[in-house]
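Residue numbers (our numbering), protein chains in the order written: chain A, 4 to 188; chain B, 2 to 128.
Where is the CB? At the ideal position from N, CA and C, for every residue including glycine.
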């Protein structure tokens, strides 16, 4: 994975496989305290203690199509490289929370990358099921927030995956993130 | 502090409603981009973005784009599956942005399979 937004896409994949219907992605750029936190929370079926203990083993997977897992261990590795840490909490029937922390200006901290593209790849119907996503991005406490549930409500019947809507959302995410960053300088 | 949000949705909604035929009934095609760890690492998100851009450019409205997990052929990622309504699905492998453009214009819009990018017919049975 070249950048952190690809890791996010990958971690969310686990939430989707776990049958989650609401997934929250949080990116917190706390430049003042030199910290970057990524958090993915879902209401999927979660893991029992036994699976959780094995979740970071790259050779563990619940998939039937291949024998290695990799996703979580790759993110844990990326956090470790940037002097950060990684944690995962999960309870059967409740959901899962994955948190990765990084030293913001660490030379080995991978860039965030095209976060708008990650969000767009997620808001189109995945596996033919409508899953709601919350994406919250903070820069020094200032917040941009997107909730597909309220977007769908505002669109009132126009599909969120309509090309014009996709184009608009991409433009808006980029614009609003720029606005967040501008206020930092 | 006020949160920044996606703006102008209402305006967009009215515009889309006026100009677009809403997607009713069966779509002409469904394209599934494989988004497992392997696919993502190999560039599936770029493929997805290219696909969404091309569909937007060509102004077609009856194509469904969706994603799936790992299909077990990690070495041939990025992959996508094209299903034209009423015909069997075709899996395309080792995708690039240019290949996606051609698959969209030749296969999805004109109905002729781009055989040189396809995996193989009936490959699911060989284990």
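Item, Value
"Cα-Cα separation, residue 8 of chain A to residue 90 of chain B", "30 Å"
"Residue 86 of chain B burial status per 10 Å Cβ neighbour count (16 or more: buried)", "exposed"
"Segment contact flag, the region 3-22 of chain B with the region 146-161 of chain A, C-beta cutoff 8 Å, min 3 pairs", "yes"
"Pairwise C-alpha distance: residue 148 of chain A and residue 183 of chain A", "11 Å"
"Per DSSP, the bridge partner or partners of residue 33 of chain B", "B:67 and B:82"
"Neighbourhood of residue 51 of chain A by C-beta distance below 6 Å, restricted to the same chain and skipping five residues each side", "95"
"Beta-carbon spacing of residue 13 of chain B, residue 171 of chain A below 7 Å", "yes"
"Chain A within 7 Å of residue 113 of chain B, Cβ atoms only", "no"
"Any non-hydrogen atom of the ligand GTP within 6 Å of residue 74 of chain B CB", "What this structure holds is no ligand at all, so the ligand GTP is not there to describe."
"Neighbouring residues, chain B, relative to residue 31 of chain A (Cβ below 7 Å)", "Residues of chain B passing the Cβ test: none, with the nearest at roughly 14 Å."
"DSSP bridge partner residues for residue 32 of chain A (one or two, in chain order)", "A:39 and A:142"
"Enclosing beta strand (DSSP E) for residue 88 of chain A [first to last residue]", "88-94"
"Distance between beta carbons of residue 173 of chain A and residue 123 of chain A, contact taken as under 8 Å", "6 Å"
"Top-ranked residue by Cα proximity to residue 12 of chain A, from A:133, A:129 and A:175", "A:129"
"Residues of the region 150-178 of chain A with Cβ closer than 8 Å to any Cβ of chain B, in chain order", "154, 157, 158, 159, 160, 161, 162, 164, 165, 166, 167, 168, 169, 170, 171, 172, 175 and 176"
"Any chain B beta carbon closer than 7 Å to residue 120 of chain A", "yes"
"First through last residue of the beta strand (DSSP E) which encompasses residue 92 of chain B", "91-93"
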